[in-house]
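This report concerns only the one structure given below.
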Amino acid sequence: MSQYSHRIIGGLAAVALLALQGPQAASADEGGISFWVPGFFGSLAAAPGTPGWSWISIYYHTDVSAGAGMQFPRGGRVDVGVSGKGDLGLYGPSYVFATPVLGGQLSATLLGVAGRNQAAAEASLSDFSGRTIALGRTQDLTSYGDVIPQIALKWNVGVNNFMVYGTGDIPVGDYDRHRLANLGIGHGAIDFGVGYTYFNPLAGNEFSAVAGATYNFKNTSANYQNGVDFHVDWGASHFLTKQLQLGLVGYYFQQISDDSGAPALLGGFRSRVAGVGPQLGILFPVGDMQGYLNLKGYKEFAAQNRPEGWNAWLSFVVSPAPPQPAAAGPMPRKP
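This note's numbering applies: residue 1 is where the sequence shown begins, and numbers increase by one.
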């Protein structure tokens, strides 16, 4: 792989490792909530990075709403006409191992979540025992979310790159089934998937796609279990220079099995959504390290059984600088 390729991939690969949790009103399943937030992965997701420690910092904003007639099970009741806004900070270390594993490059990431979530419902019909719930509620919560570990294994073969990953949710975040606004999801989850990246450093063209599936454990507090979720994230970009990247990103999310615990009037409550938008990336030196700043945004459409809106991600990653080309030796001289 060329030094140009290492320079770009070293900055972006740490971003591609991310697995994180969004605010309660932003996703799918119970209450419009899922572990997987579409948009986790993006450009160069499957490309190996530079060995060593990286630090990941992300600001995530989401603004979503559902129609007045849409109903969502949440913590033993049915909320109608939900909406939400979230401003989250996601942060944590990532480590890329230098020693190959199964011929590939192993990495490990651990992220924490903190921020503010605002959620509203036009009405809450009743809980499952028939108790009446008040109409029209809005709640704000500033707190901490769950902990998200992830491992990934990547292989490079010329312009082709391949990845397998595993991640999950450790449910230690702030969650109360009686609240509209939460930063924890109230249950554990595991997620596995595969990814591919095409990257031609000479032409500066790149395309990536990552597909995975989430198994959700039962929320014992609410006596509810989300179904299995399938998701695809993709990104396509062109490097105008060695430091400047422009492109598009998108995702598709589809729940493929029924929820357990949903009231009969909602059936299996399978969720779906798609999103697409632009991205901009910039690489720059940070001392003897390398910095990468990425901004991407998604407009959602084709939503079913979940709120719909838009979201934006601002990521800043500091990672080891790629190795520099070896200095040229002295020119041979004639005797």
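Using N, Cα and C, we set each Cβ at its ideal position, and we do this for glycine too.
For W36, the number of other beta carbons within 10 angstroms of its own is at least 16, and it is reported as buried. Inclusion of S271 and N305 in the CB contact set at 7 Å is warranted, their separation being smaller than that value. Between the C-alpha atoms of P48 and G297 there is a straight-line separation of about 24 Å. In summary, W53 is exposed, with fewer than 16 beta-carbon neighbours lying within 10 Å of its beta-carbon over all protein chains present.
Per DSSP, the continuous beta strand (DSSP E) segment holding D191 begins and ends at A189 to N200. Taken in chain order, the whole beta strand (DSSP E) runs of length 3 or more contained in the region 277-312 are 289-304. Counting only the Cα atoms, Y251 lies some 24 Å from N156.
Taking the Cβ atoms as the reference, N182 lies roughly 14 Å from N226, outside the contact range of under 8 Å. For V249, the secondary structure class from DSSP, reduced to helix, strand or coil, is strand. Annotation: S43 to P201 spans about 13 Å, alpha carbon to alpha carbon.
Taking I282 as reference, the option from Q290, V276 and G275 with the minimal CA-CA separation is Q290. Pairing D191 with T62, the inter-Cα distance amounts to about 22 Å.
When secondary structure is reduced to three states using DSSP, G261 falls in the coil class, being assigned neither helix nor strand. By a beta-carbon distance limit of 8 Å, G112 contacts Y91. Their separation comes to about 6 Å. In terms of Cβ geometry, F316 and S57 form a close pair [threshold 7 Å]. Here V96 is bridged, per DSSP, to G52 and S107. Exposed is the label assigned to F301, since fewer than 16 other Cβ atoms lie within 10 Å of its Cβ. The C-beta distance from F230 to H187 rounds to 18 Å, too long to fall under 8 Å, and the pair is not in contact. In the DSSP assignment, R272 forms a beta bridge with Q254 and Q304. In the DSSP assignment, R177 falls outside any beta strand (DSSP E) and carries neither an H nor an E. If you draw a straight line from the Cα of E308 to the Cα of P51, it comes to about 39 Å. Looking from the CA of Y175, the closest CA among I185, T167, L293 and S107 belongs to I185. The Cβ atoms of F269 and P38 do not sit closer than 7 Å to each other. Straight-line measurement puts the Cα of Q245 at about 30 Å from the Cα of T99.
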